[in-house]
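Chemist: Take any residue in the sequence shown, note its place counting from 1, add 410, and you have its number in our numbering. Before anything else, here's the structure in question.
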Amino acid sequence: MQSFHLTRRAVLAGLGATALSARAGFADPAPIPLTAQRALAQIAPEGYPQTEIWSYDGRLPGPELRLAQGTRLQRRFVNSLEVPSSVHWHGIRIENAMDGVAGLTQEAVAPGASFDYDFVAPDAGTYWYHAHTHSMEQVARGLSGALIVQERDAPDVDRDEVLMFDDWLLDPQTAQIAPDFSHPMDLSHGGRFGNLIGTNGRFALTLRAKRHERLRLRLINAANARIFVLRLTGLSGWQVALDGMPLPAPEPIAQEIVLAPAQRIDLIVDVTAEGQEAAIERLGNDAQWSRQVGVQITGAASRSRRAPPAALPPNPKMDPPDLAQARPLEMKIEGGAMGRMPMSRMRGLMQSGKFWTLGGQAGPVDPPFARLFLGEPVRLRMVNDTAFPHAMHLHGMHFREVLEGERFGPMRDTLLTEAGASHEIAFTADNPGKWLLHCHMLAHAAAGMTSWIEVS
Ligand SMILES: [Cu+2]
Numbered sequence: 411m412q413s414f415h416l417t418r419r420a421v422l423a424g425l426g427a428t429a430l431s432a433r434a435g436f437a438d439p440a441p442i443p444l445t446a447q448r449a450l451a452q453i454a455p456e457g458y459p460q461t462e463i464w465s466y467d468g469r470l471p472g473p474e475l476r477l478a479q480g481t482r483l484q485r486r487f488v489n490s491l492e493v494p495s496s497v498h499w500h501g502i503r504i505e506n507a508m509d510g511v512a513g514l515t516q517e518a519v520a521p522g523a524s525f526d527y528d529f530v531a532p533d534a535g536t537y538w539y540h541a542h543t544h545s546m547e548q549v550a551r552g553l554s555g556a557l558i559v560q561e562r563d564a565p566d567v568d569r570d571e572v573l574m575f576d577d578w579l580l581d582p583q584t585a586q587i588a589p590d591f592s593h594p595m596d597l598s599h600g601g602r603f604g605n606l607i608g609t610n611g612r613f614a615l616t617l618r619a620k621r622h623e624r625l626r627l628r629l630i631n632a633a634n635a636r637i638f639v640l641r642l643t644g645l646s647g648w649q650v651a652l653d654g655m656p657l658p659a660p661e662p663i664a665q666e667i668v669l670a671p672a673q674r675i676d677l678i679v680d681v682t683a684e685g686q687e688a689a690i691e692r693l694g695n696d697a698q699w700s701r702q703v704g705v706q707i708t709g710a711a712s713r714s715r716r717a718p719p720a721a722l723p724p725n726p727k728m729d730p731p732d733l734a735q736a737r738p739l740e741m742k743i744e745g746g747a748m749g750r751m752p753m754s755r756m757r758g759l760m761q762s763g764k765f766w767t768l769g770g771q772a773g774p775v776d777p778p779f780a781r782l783f784l785g786e787p788v789r790l791r792m793v794n795d796t797a798f799p800h801a802m803h804l805h806g807m808h809f810r811e812v813l814e815g816e817r818f819g820p821m822r823d824t825l826l827t828e829a830g831a832s833h834e835i836a837f838t839a840d841n842p843g844k845w846l847l848h849c850h851m852l853a854h855a856a857a858g859m860t861s862w863i864e865v866s
């Protein structure tokens with residue numbers, strides 16, 4: 411696993427160059443390219459053939475993009491695939507024209523064409539980027555990568571590791587990605603699940619660490635539909651951020667960490683294992699725990715255990731919305747297999763290749779689900795009247811869940827709504843533009859669970 415660290419160092423070296431040219435600003439006429447292209451990757455265990463993927467810059471996941479909070483990311487997206495594509499910067503509170511949603515905020519970038527993304531990252535934290543044109547297929551084929559915005563005052567840790575969890579649906583003989591992206595079973599049930607689960611583009615990832623080392627782990631769920639349920643062994647510590655946004659105070663890590671598609675969690679952990687191994691383990695459908703990421707322990711760091719970490723510095727604009735003034739909205743989530751939607755309505759939906767509705771509409775459709783005034787506070791109740799969980803993602807703005815007694819939950823951009831449950835979120839509509847609100851189980855999004863709001 412030597413190569414993992416070498417690779418990370420190489421990435422950081424490359425990004426040094428990026429930061430340099432970004433500082434040159436307008437003097438630099440050609441932004442650094444980010445190229446969507448076919449590539450081969452050894453996803454399956456050694457002995458299996460390489461898998462043909464759609465990649466950014468030939469890598470899986472795409473190159474790790476790192477920039478300092480408040481600085482500008484400039485990338486020329488070059489589409490070298492045979493299909494149109496676009497890039498969404500998930501969780502970045504960005505200007506609308508840079509949000510990358512084909513058909514809503516920009517035209518899809520045609521094969522052979524390019525598009526310059528250029529925006530300031532206002533918030534520090536763990537974000538990611540992925541295709542937002544036919545996402546169900548393009549993300550599953552490999553078009554995603556980590557986007558890390560660094561705090562001005564970074565926490566005191568020995569290492570900062572990005573762990574991008576994903577799964578791939580591969581033909582077990584050839585190790586090639588199963589090409590059926592419109593299977594009604596996937597669209598109408600839990601979504602498209604892979605049969606090979608991995609981290610950072612490989613089947614079994616092992617890190618090395620020393621006892622008593624302190625690691626920042628940036629967990630990203632890049633899977634199309636899988637909800638990761640995780641636990642730590644031989645590592646203990648705190649969660650410090652959710653969906654990029656710092657928590658007001660570090661919280662001891664829960665027994666089980668639930669990470670829905672597109673969600674992120676930042677952990678600060680100390681290596682506490684007595685033996686040679688620590689791990690992040692994943693709960694399987696068979697209720698058994700298995701290793702998601704191994705940590706091989708090689709000796710002890712000089713220091714003994716440290717004091718708990720401080721909270722990460724807050725990001726700008728984290729004030730809770732004004733509930734007293736908030737406009738109440740309700741969005742019913744309906745449809746899917748084993749749901750309560752009347753068969754007559756379901757048949758109508760299925761004739762147009764859809765299985766789900768948000769607010770009564772199988773989207774995306776015109777007009778938007780809601781038109782909001784700039785600066786208007788909103789409270790939106792999402793009622794999951796289906797037999798499946800959904801990971802609801804709002805573009806352009808983070809929200810807070812409104813909990814019992816009108817207390818606020820942490821800021822998030824993606825919320826897991828369990829089957830049959832109802833969740834209320836609240837936010838201030840402070841970012842003008844057309845913003846998608848959709849399920850991040852990407853088969854669901856393709857089959858109707860895509861709506862949008864307009865803020866003006
Ligand atoms: Cu869904």
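Glycine included, every Cβ here is placed at the ideal spot set by N, Cα and C.
What is the rounded straight-line gap between the Cα of Trp699 and the Cα of Phe638?
Modeler: Trp699 and Phe638: Cα-Cα distance of roughly 11 Å.
Chemist: Jot down the residue ranges of each uninterrupted beta strand (DSSP E) in the region 816–850, minimum 3 residues, whole runs only, in chain order.
Modeler: Qualifying beta strand (DSSP E) stretches, in chain order: 817–822, 824–827, 832–839, 843–849.
Chemist: Between the Cα of Ile587 and those of Met802, Gly815, Asp823, Ala451, spot the shortest distance and give me the residue it belongs to.
Modeler: When only C-alpha atoms are compared, the closest one is Ala451.
Chemist: From His808, Leu826, Leu825, pick the residue whose C-alpha is nearest to that of Phe837; which is it?
Modeler: For Phe837, the nearest C-alpha among the options comes from His808.
Chemist: Would you tell me roughly how many angstroms separate the C-alpha atoms of Gly685 and Asn489, rounded to the nearest one?
Modeler: Rounded to the nearest angstrom, the two C-alpha atoms are 48 Å apart.
Chemist: With a threshold of 16 other CB atoms inside 10 Å of the CB of Ala427, please say whether the residue is buried or exposed.
Modeler: Confidence in Ala427 is poor, its pLDDT being 40 and thus under 50, which makes the residue's placement too unreliable to answer from.
Chemist: To the nearest angstrom, report how far apart Arg621 and Thr643 are at their CA atoms.
Modeler: Cα to Cα, the separation comes out at about 13 Å.
Chemist: If distances are taken between C-alpha atoms only, which option among Glu811, Ala772, Ala853, Arg822 comes closest to Phe798?
Modeler: When each option's Cα is compared against that of Phe798, the closest is Ala853.
Chemist: Taking 7 Å as the line, does the beta carbon of Met748 fall inside it for any heavy atom of ligand 1?
Modeler: Checking the Cβ of Met748 against ligand 1 gives no.
Chemist: Quick one: Cα of Ser832 to Cα of Arg791, how far?
Modeler: Taking the straight line joining both Cα atoms gives about 7 Å.
Chemist: What does the alpha-carbon distance come out to for the pair Glu744 and Gly830?
Modeler: Spanning the two alpha carbons is a distance of roughly 10 Å.
Chemist: At the level of alpha carbons, what is the spacing between Ala432 and Met728?
Modeler: Here the model assigns Ala432 a pLDDT of 46, short of 50, so the residue's position is not dependable, and the following value carries that caveat. Approximately 27 Å, taken between the alpha carbons.
Chemist: Under 8 Å by Cβ, that's how I've got Gly867 and Trp464 pegged, so tell me the actual separation to the nearest angstrom.
Modeler: No answer is possible for residue 867: the residues shown for the chain start at 411 and end at 866.
Chemist: Alpha carbon to alpha carbon, what distance is there between Ala651 and Ala720?
Modeler: Approximately 12 Å, taken between the alpha carbons.
Chemist: Let's see if you can read the secondary structure: which residues bound the alpha helix (DSSP H) around Ala856?
Modeler: First-last of the alpha helix (DSSP H) with Ala856: 852–856.
Chemist: Is it right to say Met753 is buried, meaning 16 or more other beta carbons lie within 10 angstroms of its own, or is it exposed?
Modeler: The residue in question, Met753, is exposed, as its Cβ has fewer than 16 Cβ neighbours within 10 Å.
Chemist: What residue ranges within the region 668–708 form continuous beta strand (DSSP E) runs of no fewer than 3 residues, ordered along the chain?
Modeler: Segments of the beta strand (DSSP E) lying fully in the region 668–708: 674–681, 687–693.
Chemist: Going straight from the alpha carbon of Leu784 to that of Leu657, what length do you get?
Modeler: Leu784 and Leu657: Cα-Cα distance of roughly 26 Å.
Chemist: Do Asn725 and Asp566 have their C-beta atoms within less than 8 Å of each other?
Modeler: Against a cut-off of 8 Å, the Cβ pair of Asp566 and Asn725 comes out as no contact.
Chemist: What does His593 pair with, by DSSP beta-bridge criteria?
Modeler: Note: His593 sits in no beta bridge, so no partner.
Chemist: Would you call the region 666–678 and the region 529–547 touching, i.e. three or more CB-CB distances under 8 Å?
Modeler: Yes: at least three Cβ pairs fall under 8 Å.
Chemist: In whole angstroms, give me the CA-to-CA distance for Arg750 and Gln665.
Modeler: Distance between the alpha carbons of Arg750 and Gln665: 34 Å.
Chemist: For Arg626, which residues of its own chain have a beta-carbon under 6 Å away from its beta-carbon, when the five flanking residues on both sides are left out?
Modeler: The residues are Val567, Asp570, Ile678.
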